[in-house]
Each structure stands twice: as structure tokens, then as C-alpha cells.
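A.B. asks:
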DNA sequence: CAGTAGATTTACTCGTCAGTAGGTATGGAG
DNA sequence: CTCCATACCTACTGACGAGTAAATCTACTG
């Protein structure tokens with residue numbers, strides 16, 4: 001199991017260039033190597049000179065993709081640099097250590113997500129409509145940035161370290177936001193809830209959204225709006241109403257019309 | 001961040017044999033080792049001889065704890081063996097490779113969880129009561145086996161490998177089970193749903209349960225039953241009913257009475 | 001008490017990876 | 001055309017972790 005552990009994961013295309021660490025470049029070609037077979041290892045040409053800001057974006061994109069595939073620990077800086085199209089020292093020069101890089105990814109993607117949702121919600125709407133718009137925006141983001149979503153949802157939250165903390169913080173903010181929305185819904189109707197009530201409901205709602213998003217990634221044959229409507233129905237109406245045929249319908253006006 | 005991430009305890013005894021190039025050891029006893037002050041590293045005494053089955057259980061318990069803390073990749077076999085109170089080769093002798101060990105953990109914990117839930121549900125009950133009992137059993141399990149839950153929920157599902165597949169399979173089974181329950185609920189009332197409808201609702205429900213369980217772990221000041229009731233209310237009644245004061249109440253009879 | 005099976009260990013090997021030292025190329029300012 | 005700042009690279013180190021070879025101990029059987 002040891003010799004072929006590699007089969008479990010990892011692309012490791014770079015193995016070729018890493019194995020000749022012997023260092024002795026003045027090697028005699030007479031003994032070991034058949035001359036022609038020794039084709040030059042496909043060395044990536046020197047990257048074009050680019051301004052720092054652009055490279056940083058490229059690197060972050062690559063990092064998100066790799067972290068998304070392998071998770072924090074299993075992702076290697078070598079692979080990230082390769083995907084980014086530059087060499088490892090550039091990573092360190094621009095983004096610091098692996099931890100810093102990961103934290104930066106988390107922050108960027110979380111911010112994107114939050115902003116996407118915020119810009120999709122109109123605070124002037126009724127609370128239930130706000131909830132609906134938020135769900136739409138959320139599922140839209142997930143479908144367009146799968147890698148971002150994977151990094152945020154799975155990788156970050158499973159790391160106990162300082163970044164996991166960073167992500168947990170973002171998640172708490174999201175839950176808090178939803179909770180506030182629920183409070184407004186409730187007070188609209190004169191219902192009174194404890195903070196514990198609304199917080200727990202928000203946590204469950206966010207979790208349902210996450211889970212449904214994952215499910216959707218595996219059964220992606222419908223629009224973001226349709227999926228959002230599923231969740232909205234479930235949460236707003238509940239099974240009790242649903243099984244008796246009472247469903248919730250999205251408001252016709254203002255809908256961005258894809259469902 | 002690099003040099004001190006791991007715990008300090010590693011022997012690296014081979015350094016010693018690399019240093020004795022000279023070969024002449026004349027009067028060297030005075031030079032190298034500060035004899036007394038340099039207390040011997042606290043070497044664990046030889047483990048007591050135990051039958052294989054018992055050791056295997058111990059090892060699995062330790063593995064679940066360590067995987068729960070660090071995740072699959074960051075967990076080291078050294079740490080697991082240390083926590084288990086035995087040495088590394090025992091791990092390999094009994095449980096095979098790291099991959100096999102992890103898969104075994106997953107299977108054991110997933111089986112426990114499923115059985116706990118199954119034994120808490122009476123198929124003779126009405127569908128909604130079955131749902132309620134299942135939720136109770138689920139939250140009860142989570143509160144009593146936090147490590148198991150963490151391994152199942154976060155670590156396993158984030159690994160793309162063969163074991164992640166194993167876990168994803170378990171999760172699918174759970175979702176399928178819930179979906180079947182929903183179908184029974186619906187047909188009881190004459191409502192008709194597509195498989196897609198029930199599957200997605202089940203996925204959302206399972207996700208809500210997972211998320212609420214996580215939330216609960218951080219705010220554990222109420223019983224499993226109370227938390228289950230929260231989710232049941234949310235899912236069964238929906239916000240629409242809840243904000244208007246219509247709530248769902250657990251059946252009084254047969255309740256194990258802790259809420 | 002000898003003998004043996006299996007429980008347990010020490011002391012390694014080999015591969016990978018985070019992070020770095022020190023050099024090379026290149027585009028724009030003068 | 002010549003600097004030189006800085007984008008970029010090759011080649012390396014030090015450390016750790018998975019997995020193993022080859023003992024060594026110990027409980028039980030005869």
C-alpha cells in the first residue's frame with residue numbers, strides 16, 4: 001500500500017522534475033541514459049512579466065481551484081504555483097505563507113458571496129420577499145462559482161485553525177443576518193421569539209441551504225431560481241402545509257424571470 | 001509557522017550516528033552528553049498484552065478522536081498510535097494503511113449512527129411521529145458521540161477519495177430514507193410529488209439537521225429533544241405558520257419525556 | 001519449565017512538502 | 001543605449017510523515 005499510495009489522490013505531474021534532485025548536472029550520459037530517449041522535460045517557459053496586482057489575482061484563482069479539489073492540507077504550494085503558471089517563490093513573495101494564502105482565499109470568496117447576496121436583496125421589500133431574493137442570489141452564486149463554494153463550505157469549516165475561525169466567523173455573520181430577517185418577519189406578525197429561537201432557526205435554514213446546494217451540484221438540471229423556490233417552500237410553508245397542497249409562490253413582479 | 005506547527009516530540013536518533021565520522025572515540029565520554037540533567041525522554045512503558053479485538057477497539061476509538069480533531073490528512077499515524085497507547089507497527093498490523101483505518105472508522109461510526117436512529121423509530125407510528133422520533137434519536141447520538149459526528153460530518157465528506165465516497169454513500173442512504181418517509185407523509189394526504197421533489201426536500205432536511213447539530217454543539221444548553229422539536233417545528237410547520245402562532249407539538253404519550 | 005504464537009517494540013527508509021538563498025531576465029526611465 | 005527595480009527562476013534545505021524489517025517480550029500450552 002505504500003509504494004502506490006499516490007493512486008489515492010494527487011496529480012503530481014511535477015514528479016519528473018523533482019526526482020532528479022541529485023543535483024549533479026555534469027552527469028555522464030554514457031553510463032545510464034540512452035541519449036535520445038532523454039527528451040528535455042517539458043519545462044514551462046518563463047512567465048511573461050505582469051504587474052503585481054494581476055498576478056495576485058491569478059494566484060488566488062489558482063489557489064481557490066486547488067484548495068477546492070484537495071482541501072487545505074492536501075493541497076501543495078507546488079501545485080498551486082503550477083496551476084497559476086508561475087514558480088513557487090512568487091507565491092511566497094506575493095501571498096506569504098500557505099496559511100496566509102488560504103486565509104486570503106477565504107476572505108475574498110466569502111466577501112464575494114456576501115456581496116452577491118446583499119446586492120440581490122432589496123431592504124425595502126417585505127421580509128419574506130427578501131428571504132426569497134437572498135436565496136436566489138445564494139444559489140446563483142453557488143452555480144457560478146463552484147470552486148469558491150467548495151472552499152467555503154467544506155474545506156474551511158473543517159480546519160480547526162485560525163482560518164477555520166475566520167470562516168466560522170463569516171458563517172456566523174450569515175446566520176446572524178438571516179436571524180435578523182426572521183425577527184422582522186415575526187414582528188411583522190406580532191409573534192415574539194427568543195434570540196435562541198431565531199438563531200437556531202437561522203442555523204437550520206443556512207444548513208439546509210448549504211445541503212441543498214450540494215445536492216443541486218449533483219443534480220444540476222434546474223435553475224438557481226427553481227432550487228431557491230424549493231427551499232423557500234419548504235421553509236416557509238413546511239411539510240404540514242405542503243402535503244395538504246398549500247404552497248408558496250414567488251411574487252410575479254420584479255422576479256428576474258428564470259424559474 | 002513552519003518550524004513549530006507540530007508537537008515537539010520526535011526523536012531523530014539517527015543524527016547521532018551521522019556525527020561520528022572520526023571513528024576515534026578516545027576519552028569522548030566527557031565531551032558529548034550532559035549525563036544527569038538531560039532527563040531521559042519519558043518513554044511510554046511497554047503496553048500490556050491484550051487480545052486483538054480489544055486493541056482494535058481502542059485503536060479505532062483513538063483514531064476517531066484524532067481524525068475528529070485534525071481531519072484525515074493532518075492526522076498522523078504517529079499521533080493516533082500514541083493516543084491509542086501503542087506503537088505504530090501495531091496500527092499497521094491490525095488496521096492496515098491509513099486509508100483503510102479511516103474507512104473503517106467511517107463505517108463503524110456511520111453504522112452506529114444509523115442503528116441508533118433506526119432503533120429509535122417505530123415503523124408502526126404515523127409518518128410525522130416517525131420523523132420526530134428519528135430527529136430525537138439523531139440529536140441524541142450527536143450529543144453523546146461528538147467525535148463520531150465530527151468525523152462523519154466534516155472530515156469524511158470533504159475528502160474526495162474512496163472513503164469520502166463511502167461516506168457520501170451513507171449520507172445518500174440517509175437522504176433516501178428520509179425521502180421515503182416524506183413520500184409516505186405525502187401519500188397519506190393524497191399529495192403527489194416527483195422523486196426530485198422529495199429528494200431535494202430530504203437533502204435540505206438532512207442538511208438542516210446537520211447544521212442545527214453544529215449550532216447545538218456550540219450552544220448546548222438544552223436537551224436533544226428540545227433541539228429536535230425546534231427542527232420539527234421548522235420543517236413541519238414552516239415560518240409561515242410559525243409567525244402566526246401555529247406550532248407543532250410533540251405527541252404526549254410514548255415520549256421519552258425530556259423536553 | 002520449555003516452546004511457541006502472537007503481541008509489541010525500536011530503529012530505520014523513502015518520498016513529499018513548506019519555505020528559502022541566490023541568481024537571471026526584462027521593461028521602462030533617463 | 002544603459003541602468004536598475006522588480007518580476008521571475010532554478011536549485012536547494014530541513015523536517016515530517018507513511019510504511020516496514022527485524023527483532024524482543026510475554027502469556028499460555030504441554
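Chains as they are written, first to last, in the UniProt record's numbering: chain G, 1 to 259; chain B, 1 to 259. We put the CB at the ideal spot given by N, CA and C, even for glycine. Predicted model only: the values in this text are computed from it and were never measured.
Identify the contact partners of residue 195 of chain B in chain G, using a Cβ-Cβ distance below 8 Å as the criterion.
C.D. replies: Taking the first residue of the second chain as position 1, residue 195 of chain B is located at position 195. Ordered by position in chain G, no residue passes the 8 Å Cβ test against residue 195 of chain B, which lies about 10 Å from the chain.
A.B. asks: With burial defined as no fewer than 16 other Cβ atoms inside 10 Å of the residue's Cβ, what is the status of residue 148 of chain B: buried or exposed?
C.D. replies: Locating residue 148 of chain B in the second chain gives position 148, counting from the first residue. Residue 148 of chain B comes out buried.
A.B. asks: For residue 65 of chain G, tell me which candidate among G/119, G/101, G/198 has the shortest Cα-Cα distance.
C.D. replies: By 1-based counting over the first chain, the position of residue 65 of chain G is 65. Per the Cα distances, G/101.
A.B. asks: Is residue 230 of chain G closer than 9 Å to residue 204 of chain B when the C-beta atoms are compared?
C.D. replies: The sequence position of residue 204 of chain B within the second chain is 204, counting from 1. The sequence position of residue 230 of chain G within the first chain is 230, counting from 1. Going by C-beta atoms, residue 204 of chain B is nearer than 9 Å to residue 230 of chain G.
A.B. asks: If you draw a straight line from the alpha carbon of residue 244 of chain B to that of residue 70 of chain G, how long is it in whole angstroms?
C.D. replies: Locating residue 244 of chain B in the second chain gives position 244, counting from the first residue. Locating residue 70 of chain G in the first chain gives position 70, counting from the first residue. Those two C-alpha atoms are separated by around 46 Å.
A.B. asks: Which of the three DSSP states is assigned to residue 21 of chain B in this structure?
C.D. replies: Counting from one through the second chain, the residue named residue 21 of chain B turns up at place 21. In this predicted model, residue 21 of chain B has a pLDDT of only 31, less than 50, meaning its place in the structure is not dependable; the value taken from the coordinates is given anyway. Three-state result, residue 21 of chain B: coil.
A.B. asks: Go through its chain and collect everything with a Cβ distance to residue 128 of chain G's Cβ below 7 Å, but skip five positions before and after it.
C.D. replies: Along the first chain, read from residue 1 onward, the residue named residue 128 of chain G stands at position 128. These residues qualify, in order along the chain: 185, 236.
A.B. asks: For residue 178 of chain G, I'd like the list of residues in its chain whose CB is within less than 7 Å of its CB, leaving aside the five on either flank, ordered along the chain.
C.D. replies: In the first chain, the residue the question calls residue 178 of chain G occupies position 178. Counting only Cβ-Cβ distances below 7 Å, and skipping sequence neighbours, we find 202, 205, 206.
A.B. asks: Among G/81, G/109, G/180, which residue has its Cα nearest to the Cα of residue 96 of chain G?
C.D. replies: Locating residue 96 of chain G in the first chain gives position 96, counting from the first residue. Cα-wise, what sits closest to residue 96 of chain G is G/81.
A.B. asks: Does the segment 133-142 of chain B come close enough to the segment 110-119 of chain B to have 3 or more Cβ pairs within less than 8 Å?
C.D. replies: Because the criterion of three Cβ pairs below 8 Å is met, the segment 133-142 of chain B and the segment 110-119 of chain B touch.
A.B. asks: Roughly how far, in whole angstroms, is the beta-carbon of residue 209 of chain G from the beta-carbon of residue 138 of chain G, given that I think they are within contact range, below 8 Å?
C.D. replies: By one-based count along the first chain, residue 209 of chain G stands at place 209. By one-based count along the first chain, residue 138 of chain G stands at place 138. 6 Å between Cβ atoms; contact.
A.B. asks: Could you pull out every residue in the same chain whose Cβ sits closer than 7 Å to the Cβ of residue 67 of chain B, ignoring the five residues on either side in sequence?
C.D. replies: The residue you call residue 67 of chain B lines up with position 67 of the second chain. These residues qualify, in order along the chain: 75, 102, 105, 151, 155.
A.B. asks: Checking contacts by CB at 9 Å: is residue 189 of chain G closer than that to chain B?
C.D. replies: What you label residue 189 of chain G is simply residue 189 of the first chain in a count that begins at 1. Closer than 9 Å to some Cβ of chain B, the Cβ of residue 189 of chain G qualifies, so yes.
A.B. asks: Roughly how many whole angstroms lie between the Cα atoms of residue 123 of chain G and residue 108 of chain G?
C.D. replies: Counting from one through the first chain, the residue named residue 123 of chain G turns up at place 123. Counting from one through the first chain, the residue named residue 108 of chain G turns up at place 108. The straight-line gap from Cα to Cα measures roughly 24 Å.
A.B. asks: Drop a sphere of 10 angstroms on the beta-carbon of residue 50 of chain B, count the other beta-carbons inside from all chains shown, and report buried for 16 or more, exposed for fewer.
C.D. replies: For this step, residue 50 of chain B is matched to residue 50 along the second chain. Exposed, because fewer than 16 other Cβ atoms sit within 10 Å of the Cβ of residue 50 of chain B.
A.B. asks: Given this structure, state the Cα-to-Cα distance separating residue 227 of chain B from residue 176 of chain G, to the nearest angstrom.
C.D. replies: Start at 1 with the first residue of the second chain, and residue 227 of chain B comes out as number 227. Start at 1 with the first residue of the first chain, and residue 176 of chain G comes out as number 176. Their Cα atoms are separated by approximately 19 Å.
A.B. asks: Should residue 8 of chain G be flagged as near chain B, meaning a C-beta pair shorter than 9 Å?
C.D. replies: As a position in the first chain, residue 8 of chain G is number 8, starting the count at 1. In this predicted model, residue 8 of chain G has a pLDDT of only 35, less than 50, meaning its place in the structure is not dependable enough to derive any value.
A.B. asks: State the Cα-Cα distance for the pair residue 240 of chain B and residue 197 of chain B, rounded to the nearest angstrom.
C.D. replies: Working through the second chain from its first residue, we reach residue 240 of chain B at position 240. Working through the second chain from its first residue, we reach residue 197 of chain B at position 197. If I take the Cα positions, the gap works out to 20 Å.
A.B. asks: Can you list, in chain order, the residues of the segment 232-250 of chain B whose Cβ is nearer than 8 Å to any Cβ on chain G?
C.D. replies: Those residues of the segment 232-250 of chain B that come within reach of chain G (Cβ to Cβ, closer than 8 Å) are 234, 235, 236, 237, 238, 239, 240, 241, 242, 243, 244, 245, 248.
A.B. asks: Going by DSSP, what residue range makes up the alpha helix (DSSP H) through residue 125 of chain B?
C.D. replies: Position 125 of the second chain, counted from the start, is the residue given in the question as residue 125 of chain B. Here residue 125 of chain B belongs to no alpha helix (DSSP H), and DSSP marks it neither H nor E.
A.B. asks: Please state whether DSSP places residue 58 of chain B in a helix, a strand or coil.
C.D. replies: Position 58 of the second chain, counted from the start, is the residue given in the question as residue 58 of chain B. Residue 58 of chain B: helix per DSSP, three-state reduction.
A.B. asks: With a threshold of 9 Å between beta-carbons, can residue 214 of chain G be considered close to chain B, or not?
C.D. replies: Stepping through the first chain from its first residue, residue 214 of chain G is reached at position 214. It does: the Cβ of residue 214 of chain G has a partner Cβ on chain B nearer than 9 Å.
A.B. asks: Are the Cβ atoms of residue 63 of chain B and residue 84 of chain B separated by less than 9 Å?
C.D. replies: Against the second chain, residue 63 of chain B aligns to sequence position 63. Against the second chain, residue 84 of chain B aligns to sequence position 84. A contact, by the Cβ cut-off of 9 Å.
A.B. asks: So what's residue 223 of chain G in DSSP terms, helix, strand or just coil?
C.D. replies: Working through the first chain from its first residue, we reach residue 223 of chain G at position 223. Residue 223 of chain G falls in the coil class under three-state DSSP.
A.B. asks: Note the first and the last residue of the continuous alpha helix (DSSP H) segment covering residue 196 of chain B.
C.D. replies: In the second chain, residue 196 of chain B corresponds to position 196, counting from 1. Counting along the chain, the alpha helix (DSSP H) containing residue 196 of chain B begins and ends at 195-218.
A.B. asks: Tell me whether residue 73 of chain B sits in a helix, a strand or coil according to DSSP, three-state version.
C.D. replies: Indexing the second chain from 1 puts residue 73 of chain B at position 73. Reduced to three states, the DSSP call for residue 73 of chain B is coil.
A.B. asks: Take residue 26 of chain G and list the residues in its own chain whose beta-carbon comes closer than 7 Å to its own, dropping the five residues that flank it on each side.
C.D. replies: Position 26 of the first chain holds residue 26 of chain G. Confidence at residue 26 of chain G is low in this model, with a pLDDT of 38, below 50, so the placement of that residue should be treated as unreliable; the coordinate-derived value is given next. Within the same chain, residue 26 of chain G has no close Cβ partners at all.
A.B. asks: Within 9 Å (strictly less), CB to CB, does residue 115 of chain B reach chain G?
C.D. replies: Counting from one through the second chain, the residue named residue 115 of chain B turns up at place 115. It does not; no Cβ of chain G falls within 9 Å.
A.B. asks: Quick check on DSSP: helix, strand or coil for residue 96 of chain B?
C.D. replies: Here the question's residue 96 of chain B lines up with position 96 in the second chain. Residue 96 of chain B: coil per DSSP, three-state reduction.
A.B. asks: Using 9 Å as the threshold, is the C-beta distance between residue 114 of chain B and residue 174 of chain B below it?
C.D. replies: On the second chain, position 114 is the one that residue 114 of chain B refers to. On the second chain, position 174 is the one that residue 174 of chain B refers to. Cβ distance < 9 Å, so residue 114 of chain B and residue 174 of chain B count as in contact.
A.B. asks: Can a CB atom of chain G be found closer than 9 Å to the CB of residue 63 of chain B?
C.D. replies: In the second chain, counting from the first residue as 1, residue 63 of chain B sits at position 63. No, its Cβ sits nowhere closer than 9 Å to a Cβ of chain G.
A.B. asks: Could you name the residues of chain B that residue 179 of chain G contacts, counting a contact when the two beta carbons are closer than 9 Å?
C.D. replies: Numbered from 1 along the first chain, position 179 holds the residue referred to as residue 179 of chain G. Within 9 Å Cβ-Cβ: nothing; residue 179 of chain G doesn't reach chain B, min ~11 Å.
A.B. asks: Whole-angstrom Cβ separation of residue 200 of chain G and residue 215 of chain B, contact assumed at under 8 Å?
C.D. replies: The sequence position of residue 200 of chain G within the first chain is 200, counting from 1. The sequence position of residue 215 of chain B within the second chain is 215, counting from 1. At roughly 6 Å, the Cβ-Cβ gap stays under 8 Å, so residue 200 of chain G and residue 215 of chain B are in contact.
A.B. asks: Output needed for residue 86 of chain G: all residues of its chain with C-beta closer than 6 Å, excluding positions within five of it in sequence on either side, in chain order.
C.D. replies: On the first chain, residue 86 of chain G is found 86 positions in, with the first residue counted as 1. If we look at residue 86 of chain G and ignore the five residues flanking it on each side, its Cβ neighbours are 47.
A.B. asks: Please return the same chain residues whose Cβ sits closer than 8 Å to the Cβ of residue 265 of chain B, not counting the five positions on each side in sequence.
C.D. replies: Absent from the model: residue 265 of chain B. The displayed extent of chain B is 1 to 259, so no value can be given.
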